[in-house]
Amino acid sequence: MSVTPRLDVVDGAGRRSVDVSPLPFAIGRRDTNHLQLGGSEVSRDHAEIVMEGARYLVRDKKSRFGTFVNGDAVTTERLLKPGDVIRLGRTGGAELVFQVGSAYPPGPPSVPLGVSVVSGPAAGAIGDLRHVARLLEGLRALGTGRVLDDVLALVLDSAIDVSGAERGFIMLAGDDGALEFKMGRGRGQQQLEGSTFQTSRKIPEEVFETGNARLIADLLDGELANVHMGTVALGIRHVLCVPLDVVRYVDDATAVGPIAARRIGVLYLDSRERGALLAASTRGALETLAAEASLAIENARLYRSALEKAKLEQDIRIAAEIQQALLPKPRHAGAFFQTAATTIPCRSIGGDFYDVIDLDGDVLGFALGDVAGKGPPAALLSALVQGIIAAQTASSDGPSATLARVNKAMIRRAVAARYATMFYGELHADGRLVYGNAGHNPPIVIATDGTVRRLDAGGPPVGLFDGIPYDSGEVQLSAGDRVIVFSDGVSEACNISEEEFGDARIIAVASALSDPSASALVDALMTELRSYTGAAPQGDDITALVIAYYPPAGA
């Protein structure tokens, strides 16, 4: 009579045995699998067990974190023998033992490890350290797949059950290195709030500083009663505190022992009853537990940090998409003009902006600005300034009035230490260009005959001084003339020798270009800029806007 093989399963949900039936036997996170498992390193369709002839094999189904048998990676498939240990993922998955015959007795899978592994307060470390071993397997199975509070609760409940302590708490080091209370638990998985969990800080701080476990048989002995009066007043007499050290080993056959140890906190237990807390085996078991718990806690903290970072990165990506959507199309043309623009933020989002606006009366309004700073703060203010410009251009009586109103609006909002340089111009169909420059790099006008003019009339950056008047300038463009507006991220871009690109190179690129179109000039300028800077890191947002003037026929 054939025996149905089984899998002894050890994961964060507990330990249990599962028949390997039917075949193929699918394993993974998806609920349609024959064995559904959780964990950060378990793929939706992770692996399967199949039968070929009289042999059983495990096959990896292109899982993200891999399938391992006795520590060896399964590239496609691997023959299974009784007792083989199958692990899904390196650390954060589940552990499965392939059996043909004996197995774990069936048990409720919903009971967490560390709660059911002992039968009484004193049974854990004294009677059978195999329970602790299984507990540690559960901690390893947690990996990075659980949030920090889950891991802390499991560690404390397990430690209380193993030791017979009445209370336990975990303190972790904060960014400043000081211990911070994270969680307190009592017997029966009772949650203890920080305000009611009173105890002396002297013992935890001493253990954290020295790295040596501390066992106090009786707080009433000698001078200890005076030092820990508050704890004694609660009836607490017996204390065991062990450090939480994260120890990592180098994956190198020539290295000996751990290469790095970092103390992340302490595990503290106390009781009014002597019980198993003072047994030597209890201390040894808890020190072993603390070593594994430290890694589980650290992994959970890193996991939470990774989630927060991923969420922030997603928010930044969305913000970048919104910022790009606020900008006009990079190519625009009208009856008497062509425009082309590009912007490359130094970070995911930046503080540069540009805009082109078709105004009433055959007039093209165009602006380019550079907000002080980089990243999200500059991007928010950039969107604000762009919105103010759009609101003012339709009702203003020229560039100088527009800049004055933008300045007033920014001053009224009183954004500390934030200002913007910007250029705003209005190009009329007859070639008349009226402009205002608010502390910005003077745009360059390249005439068809090679003449170069600079547009510098205006005033200081907007957002600095209240009530400042802005001058306006005026130039007459001829057919084929091009106006190059750019941020200082273009002219001040540096190569690896820290030499700036400079205005002269901008003029040289425009003068040498045979194609007179605005898009050709923007493309040529960016190509030359990339070639010049090479491998040097980008230090500022890069934005350029080119307007080419073509008078209407018969003008």
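Counting with my numbering, you get residues 2 to 556 for the letters of the sequence shown. Don't be surprised by glycine CBs; every beta carbon is placed ideally from N, CA and C. A quick note: this is a predicted structure, and the numbers were derived from the prediction, not measured.
Per DSSP, the continuous alpha helix (DSSP H) segment holding Ile389 begins and ends at 376 to 394. Taking the Cβ atoms as the reference, Leu456 lies roughly 6 Å from Asn438, within the contact range of under 8 Å. In this structure Val372 is not in contact with Ala410, their Cβ atoms being roughly 14 Å apart against a cut-off of 8 Å.
In this structure, the CA atom of Ala511 is about 17 Å from the CA atom of Glu493.
Boundaries of the beta strand (DSSP E) harbouring Leu80: 78 to 80, taken from the DSSP string. The Cβ atoms of Val446 and Val484 sit closer than 7 Å to each other. Gln339 and Asp431 have their C-alpha atoms some 15 Å from each other. Taking the C-beta atoms as reference points, Asp162 is found no nearer than 7 Å to Gln190.
Taken through DSSP and simplified to helix, strand or coil, Val4 comes out as coil. Annotation: the continuous beta strand (DSSP E) that includes Ala342 extends over 338 to 345. By the CB criterion at 7 Å, Ser520 and Ala368 fall outside the cutoff. Residue pairing by DSSP places His333 opposite Thr340 in a beta bridge. In the pairwise beta carbon analysis, the segment 341 to 358 is classified as touching the segment 321 to 329: at least three pairs are separated by under 8 Å. As the crow flies, the alpha-carbon of Gly503 is around 27 Å from that of Leu404.
For Val59 and Gly40, the gap between their C-alpha atoms comes out near 19 Å.
Beta-bridge partners of Ser18 (DSSP): Asp9. The continuous alpha helix (DSSP H) containing Asn408 extends over residues 400 to 414.
Its Cα nearest to that of Tyr57, the residue Leu80 stands out among Leu80, Leu173, His47. For Arg88, the uninterrupted beta strand (DSSP E) run begins and ends at 86 to 89, by DSSP.
Here the alpha carbon of Gly535 sits roughly 29 Å from the alpha carbon of Gln315.
Under a 10 Å Cβ-count criterion, Ser515 is classified as exposed, with fewer than 16 other Cβ atoms of the shown protein chains found around its own Cβ. According to DSSP, Glu427 shares a beta bridge with Gly366, Val435. Residue nearest to Val386 within the set Gly54, Asn442, Pro462, Leu428 is Pro462 (criterion: CA-CA distance). In the structure shown, Leu328 falls within a coil segment according to DSSP collapsed to helix, strand and coil. According to the DSSP secondary-structure assignment, Val267 is paired through a beta bridge with Met172, Pro244. Secondary structure note for Asp353: its beta strand (DSSP E) is the uninterrupted segment 353 to 360. Looking from the CA of Gly72, the closest CA among Lys62, Glu78, Ala55, Arg91 belongs to Arg91. For Leu155, no beta strand (DSSP E) segment is defined; the enclosing uninterrupted segment is the alpha helix (DSSP H) at 149 to 164.
Between Val247 and Ser306, the CB-CB gap reaches or exceeds 7 Å. Per DSSP, Lys203 is one residue of the alpha helix (DSSP H) stretching across 203 to 211. Rounded to the nearest angstrom, the Cβ distance from Gly266 to Ile204 is 13 Å, too far for a contact under 8 Å.
Boundaries for Asp524: no beta strand (DSSP E) harbours it, while the alpha helix (DSSP H) harbouring it runs 519 to 534, taken from the DSSP string. In the structure shown, Ile319 falls within a helical segment according to DSSP collapsed to helix, strand and coil. Straight across, the Cα-Cα distance linking Asp524 with Asp489 is about 18 Å. Looking at Asp177, Pro244, Gly185, Gly175, the one whose alpha-carbon comes closest to that of Leu155 is Gly185.
Between Leu89 and the set Leu97, Asp467, Asn408, the nearest pair of CA atoms involves Leu97.
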